[in-house]
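**Q**
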Amino acid sequence: MSATTLSPKLSDAFIESLSASAVALEDAVTLPPSCYTSKEFYEFEKEALYYREWQCVGREDWIPEPGDFFTTRTVNEPIIVARNLEGEVRAMSAVCQHRAMLVAEGSGSARGFLCPYHHWSYSLDGTLVAAPAMNKTCNFDRKANSLPRFAVEIWNGFVFVNFDENAAPLAPRLADVAAAIAGYDLASAEGPKPEAGARLPWNWKVMFENNNDGYHASRLHAGPLHDFVPSGKAEFPHSDPEDAGFLRYNGTLHPDASFNATQRAVLPIFPGLSDEARHRMTFANVPPSLSLIMMSDMVIYLILRPDGPESLEMDTGLLFAPGAMKDPTFDHKLDMNMRATSHIIAQDFHVDELVQEGLRSRFAPRGRYSWQEGAQGQFNKWLVHRYRSAHKQLAGAEMID
Numbered sequence: 001m002s003a004t005t006l007s008p009k010l011s012d013a014f015i016e017s018l019s020a021s022a023v024a025l026e027d028a029v030t031l032p033p034s035c036y037t038s039k040e041f042y043e044f045e046k047e048a049l050y051y052r053e054w055q056c057v058g059r060e061d062w063i064p065e066p067g068d069f070f071t072t073r074t075v076n077e078p079i080i081v082a083r084n085l086e087g088e089v090r091a092m093s094a095v096c097q098h099r100a101m102l103v104a105e106g107s108g109s110a111r112g113f114l115c116p117y118h119h120w121s122y123s124l125d126g127t128l129v130a131a132p133a134m135n136k137t138c139n140f141d142r143k144a145n146s147l148p149r150f151a152v153e154i155w156n157g158f159v160f161v162n163f164d165e166n167a168a169p170l171a172p173r174l175a176d177v178a179a180a181i182a183g184y185d186l187a188s189a190e191g192p193k194p195e196a197g198a199r200l201p202w203n204w205k206v207m208f209e210n211n212n213d214g215y216h217a218s219r220l221h222a223g224p225l226h227d228f229v230p231s232g233k234a235e236f237p238h239s240d241p242e243d244a245g246f247l248r249y250n251g252t253l254h255p256d257a258s259f260n261a262t263q264r265a266v267l268p269i270f271p272g273l274s275d276e277a278r279h280r281m282t283f284a285n286v287p288p289s290l291s292l293i294m295m296s297d298m299v300i301y302l303i304l305r306p307d308g309p310e311s312l313e314m315d316t317g318l319l320f321a322p323g324a325m326k327d328p329t330f331d332h333k334l335d336m337n338m339r340a341t342s343h344i345i346a347q348d349f350h351v352d353e354l355v356q357e358g359l360r361s362r363f364a365p366r367g368r369y370s371w372q373e374g375a376q377g378q379f380n381k382w383l384v385h386r387y388r389s390a391h392k393q394l395a396g397a398e399m400i401d
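Read in order, the letters of the sequence shown are residues 1 to 401 in full-length UniProt numbering.
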């Protein structure tokens with residue numbers, strides 16, 4: 001992909017102004033509202049983040065057998081994730097290299113992918129196998145017309161892809177996050193594949209920030225379904241901007257707290273959790289795509305997939321301790337959790353939509369932060385580090401051109 005053709009030029013002064021969001025939290029201000037509303041900035045963000053960073057696209061257990069596949073998309077790029085006949089997970093573009101027809105939809109099991117338009121066929125690795133009636137086409141190179149391949153890495157059971165097939169590994173930059181959540185053993189956790197993701201009318205960063213905002217918890221969600229996890233018990237472990245993720249902890253008033261009317265875990269506890277982990281909720285984040293809400297008996301994961309400057313699609317999944325779903329009363333107990341969680345999510349979504357509306361206003365500020373918004377400071381530093389790097393690289397490319 002050509003950086004100079006895909007990304008607009010943003011002024012040096014504007015990029016430099018973002019640094020005010022990436023200083024110590026007590027001095028920081030929020031990002032400019034245009035970072036959440038501008039099509040120009042969204043196009044730049046694709047280059048700065050989405051064409052460079054690892055992105056979560058699903059779970060490895062969605063494709064347990066050779067030939068299994070699922071499709072997804074992010075920033076309007078259609079993606080196939082498949083397990084080949086050797087049992088390896090592969091990821092590739094779903095766009096046929098003939099006339100750009102999509103070669104796969106949904107999910108299922110297959111021996112390969114057949115473009116329904118002109119019957120070009122591809123292997124489970126994306127290699128072009130056959131292209132009918134191309135024998136009279138001059139200099140046609142079958143090998144050069146395979147589906148574009150993406151780098152793949154499995155982290156804690158989640159499938160990550162990178163559009164850069166030569167990208168540096170993800171896991172080394174997630175060492176601190178992995179250590180903090182090791183007791184959940186997410187690679188062995190179980191949960192159903194989520195339904196098709198909902199389309200939400202706000203910027204992806206509004207969603208990511210809301211999930212990491214400890215400040216609002218005791219205000220917006222005040223009441224018996226949330227008071228056991230007060231904002232005043234928020235903690236923000238250190239992270240470096242170069243890291244691939246960051247953490248937020250929120251202490252609870254009693255161990256094994258969970259979102260239901262009893263305020264306590266009703267499903268089996270993840271067996272590897274320490275006493276310390278059982279006295280808090282953990283929020284683990286791998287931007288720009290994965291956010292985890294972790295309780296003693298349930299993990300909620302959010303996979304964020306932008307499709308425009310002011311909208312995204314989001315997959316919402318659940319993970320449980322091994323064997324938890326075999327309990328005959330599992331569905332009834334889960335219903336207790338989901339009733340409470342749905343009430344809280346509805347409050348969040350209402351706020352997210354109104355925040356997006358406010359960000360369009362000429363009076364939208366670059367506001368100041370409370371100490372209870374420490375995760376926003378971490379997120380800003382992660383973002384601004386990448387924005388500055390991409391801008392510098394794009395400016396250099398323009399000078400060369």
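We put the beta carbon where it would ideally sit given N, CA and C, even for glycine.
A quick note: this is a predicted structure, and the numbers were derived from the prediction, not measured.
#1: With a threshold of 8 angstroms on Cβ separation, who are the neighbours of Ala347 within its own chain once the five nearest residues in sequence on each side are excluded?
#2: Which term fits Tyr42, buried or exposed, when burial requires 16 or more other beta carbons within 10 angstroms of its beta carbon?
#3: Tell me the DSSP bridge mates of Pro306?
#4: For Leu49, which residues in the same chain have their Cβ closer than 7 angstroms to its Cβ, ignoring the five residues on either side in sequence?
#5: What is the DSSP secondary structure of Ile15, reduced to helix, strand or coil?
#6: Kindly indicate which residue of Glu373, Asp27, Glu26, Asn380 has the alpha-carbon position closest to the one of Phe236.
#7: If the criterion is Cβ atoms closer than 8 angstroms, does the pair Gly58 and Val159 meet it?
#8: Could you round the C-beta distance between Ser109 and Leu128 to whole angstroms and report it? I think they count as a contact, below 8 angstroms.
#9: Name the DSSP bridge partner or partners of Tyr122?
#10: Within its chain, find whatever has a CB closer than 6 angstroms to the CB of Met101; leave out the 5 residues flanking it on each side and keep chain order.
#11: Is Arg280 helix, strand or coil when you go by DSSP?
#12: Per DSSP, what are the beta-bridge partners of Gln55 in this structure?
#13: Hey, quick one: how far does the beta strand (DSSP E) through Met134 stretch, first residue to last?
#14: Which value, in whole angstroms, describes the spacing of the CA atoms of Arg83 and Val286?
#15: Provide the residue span of the beta strand (DSSP E) that contains Asp352, from first to last.
#16: Can you check which of these residues, Phe349, Ala390, His391, is closest to Leu200 by C-alpha distance?
#17: With three or more beta-carbon pairs closer than 8 angstroms as the criterion, would you say the stretch 168-184 touches the stretch 268-275?
#18: Looking at C-alpha atoms only, which residue of Glu276, Asn260, Gly87 is the closest neighbour of Phe228?
#19: Kindly indicate which three-state DSSP category Arg90 falls into: helix, strand or coil?
#20: Based on DSSP bridge pairs, tell me the residues matched to Trp155.
#21: Report, in whole angstroms, the separation of the C-beta atoms of Ile344 and His254, which I expect to be a contact under 8 angstroms.
#22: Taking buried to mean at least 16 other C-beta atoms within 10 Å of its own C-beta, is residue 455 buried or exposed?
#23: Counting C-beta neighbours from all protein chains within 10 Å, is the total for Cys138 16 or more, i.e. buried, or is it exposed?
#24: Can you find at least 3 beta carbon pairs, one from the stretch 18-34 and one from the stretch 359-378, that sit closer than 8 angstroms?
#25: Are the CB atoms of Ser21 and Val384 within a distance shorter than 8 angstroms?
**A** Reading it off the structure:
#1: Here residue 347 turns out to be Gln, not Ala, going by the sequence shown. Closer than 8 angstroms at the Cβ level, and outside the excluded window around Gln347, lie Leu220, His221.
#2: buried
#3: Leu312
#4: Take Leu49, set aside five residues on each side of it, and the residues of its chain with a beta-carbon closer than 7 angstroms to its own are Pro288, Arg386, in chain order.
#5: In the structure shown, Ile15 sits in a helix (DSSP, three-state: H, G or I).
#6: Of the candidates Glu373, Asp27, Glu26, Asn380, Glu373 places its Cα closest to the Cα of Phe236.
#7: yes
#8: Wrong, their Cβ atoms sit about 21 angstroms apart, outside the cutoff.
#9: Answer is Phe113, Leu128, bridged to Tyr122.
#10: Sequence-distant partners of Met101 (beyond 5 residues in either direction) whose C-beta falls short of 6 angstroms from its own C-beta, in its chain, are Cys115, Tyr117.
#11: The answer is strand: DSSP assigns Arg280 an E or B state.
#12: Val161
#13: Careful: Met134 lies outside any beta strand (DSSP E) and carries neither H nor E.
#14: 24 angstroms
#15: In this chain, Asp352 is not harboured by any beta strand (DSSP E); it is covered by the alpha helix (DSSP H) spanning 330-359.
#16: For Leu200, the closest of Phe349, Ala390, His391 by C-alpha to C-alpha distance is Phe349.
#17: Between the stretch 168-184 and the stretch 268-275 there are three or more C-beta pairs closer than 8 angstroms, enough to call the two in contact.
#18: Comparing Cα-Cα distances from Phe228 to each of Glu276, Asn260, Gly87, the minimum goes to Asn260.
#19: strand
#20: Phe158
#21: Actually they are not in contact, since the Cβ atoms of Ile344 and His254 sit about 18 angstroms apart, beyond 8 angstroms.
#22: This structure leaves residue 455 out entirely; the chain is present only between 1 and 401.
#23: exposed
#24: yes
#25: yes
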